[in-house]
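Participant:
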Amino acid sequence: MPSTTTTQRKAPTLDELIERHKGKPGALLGLLENAQELEKFRYLSEPTLRRIAEGMALPLSQVYSVATFYSFFNLEPQGLHSLVVCRGTACHTRGSLELLETALARLGIEGFREDESNSVTTPDGFASIRTVACFGQCALAPVVQVDGTIHSRMTVGKLVAAIEKLRKVPAPEAPKSK
Ligand code: FES
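In terms of this note's numbering, the sequence shown opens at residue 3 and continues consecutively.
1) Applying the criterion that 16 or more other CB atoms from any shown protein chain within 10 Å of the CB defines a buried residue, is L62 buried or exposed?
2) Is it the case that the CB of T133 approaches a heavy atom of the ligand FES more closely than 7 angstroms?
3) Mind checking whether the beta-carbon of A105 lies closer than 7 angstroms to any heavy atom of the ligand FES?
4) Alpha carbons only, please: which of R89, L30, D117 and F128 is nearest the one belonging to Q147?
5) Is there at least one non-hydrogen atom of the ligand FES closer than 7 angstroms to the beta-carbon of V145?
6) Relative to the alpha-carbon of D126, which residue among F114, L109, C140 and N120 has its alpha-carbon at the smallest distance?
7) Is F137 near the ligand FES, judged by its Cβ being under 7 angstroms from some heavy atom?
8) V86: which of K12, A163, D149 and G57 sits nearest, CA to CA?
9) Please go through the segment 18-90 and give each complete beta strand (DSSP E) segment of 3 or more residues, from N-terminal end onward.
10) When the Cα of E41 is compared with those of G28, R22, P27 and F75, which residue comes out closest?
11) Report back the beta-carbon spacing between S130 and Q80 to the nearest angstrom; my notes put them in contact at under 8 angstroms.
12) With a threshold of 16 other CB atoms inside 10 Å of the CB of Q64, please say whether the residue is buried or exposed.
13) How about L101 and L161: do their beta carbons lie closer than 8 angstroms?
14) Pick helix, strand or coil for A164, following the three-state DSSP scheme.
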């Protein structure tokens with residue numbers, strides 16, 4: 003009989019995650035985070051949100067309000083790679099609009115309007131670009147996150163190089179920081 007011991011731990015199912023968080027005060031945020039990580043395209047689908055509401059015995063409206071309040075939750079499927087451009091005041095005054103426009107142009111995305119949405123994914127699913135109001139690192143503006151890694155004092159040149167690098171490497175398994 004083959005051994006069940008492996009070096010890779012099996013990912014929990016959504017129902018197992020719900021069981022882990024059930025009845026714990028303030029558990030919804032962590033559960034939503036874990037549920038999003040489970041999903042290949044890093045988003046919370048409607049069936050997932052419904053299952054969480056049912057499993058946690060919470061109103062669906064409450065689950066939705068938490069999922070829509072925090073910018074790190076996605077309600078749409080995300081690309082394999084992610085770029086998050088800070089559009090807060092400090093970053094804006096140090097050129098974040100040019101960075102955003104560069105990222106959009108380099109990834110061939112047209113028609114994105116910041117006043118209508120804070121995220122967009124390339125049609126081929128290669129990458130998603132998202133804007134945030136502040137990373138809390140204003141002294142290091144402008145700030146852009148690429149596949150989970152924060153890059154401070156970003157320049158157009160460094161951003162172009164980072165995007166080109168994404169084309170050569172597979173999407174990350176998990177976010178990291180440096
Ligand atoms: S405004 Fe960009 S990090 Fe604060």
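We treat Cβ as the ideally placed atom computed from N, Cα and C, and that holds for glycine.
Facilitator: Judging by the given coordinates:
1) Within the sequence shown, residue 62 is the residue found at index 60, counting from 1. Taking a 10 Å sphere around the C-beta of L62, we find fewer than 16 other C-beta atoms and assign the residue as exposed.
2) As a position in the sequence shown, residue 133 is number 131, starting the count at 1. T133: no, Cβ never under 7 angstroms from the ligand FES.
3) Taking the sequence shown and counting its residues from 1, the one referred to as residue 105 is at position 103. Using a cutoff of 7 angstroms, the CB of A105 does not count as near the ligand FES, since none of the ligand's heavy atoms is closer than that.
4) For the purposes of this step, residue 147 is taken as the residue at position 145 of the sequence shown. Considering only alpha carbons, the answer is R89.
5) One-based indexing of the sequence shown puts residue 145 at position 143. Checking the Cβ of V145 against the ligand FES gives yes.
6) One-based indexing of the sequence shown puts residue 126 at position 124. Nearest C-alpha to D126 among F114, L109, C140 and N120: L109.
7) On the sequence shown, position 135 is the one that residue 137 refers to. Checking the Cβ of F137 against the ligand FES gives yes.
8) As a working mapping, residue 86 is identified with position 84 in the sequence shown. Closest by alpha carbon: D149.
9) Taking only runs of at least 3 residues, the beta strand (DSSP E) segments lying wholly in the segment 18-90 are 83-88.
10) Sequence index remark: in the sequence shown, residue 41 carries index 39 (1-based). The shortest C-alpha separation from E41 is found at F75.
11) Within the sequence shown, residue 130 is the residue found at index 128, counting from 1. Within the sequence shown, residue 80 is the residue found at index 78, counting from 1. At roughly 4 angstroms, the Cβ-Cβ gap stays under 8 angstroms, so S130 and Q80 are in contact.
12) Here residue 64 refers to the residue found at position 62 of the sequence shown. Its Cβ having fewer than 16 others within 10 Å, Q64 is exposed.
13) Counted from its first residue, the sequence shown places residue 101 at position 99. Counted from its first residue, the sequence shown places residue 161 at position 159. If you check the CB distance, L101 and L161 come in under 8 angstroms.
14) Here residue 164 refers to the residue found at position 162 when the sequence shown is read from its first residue. The three-state secondary structure of A164, taken from DSSP, is helix.
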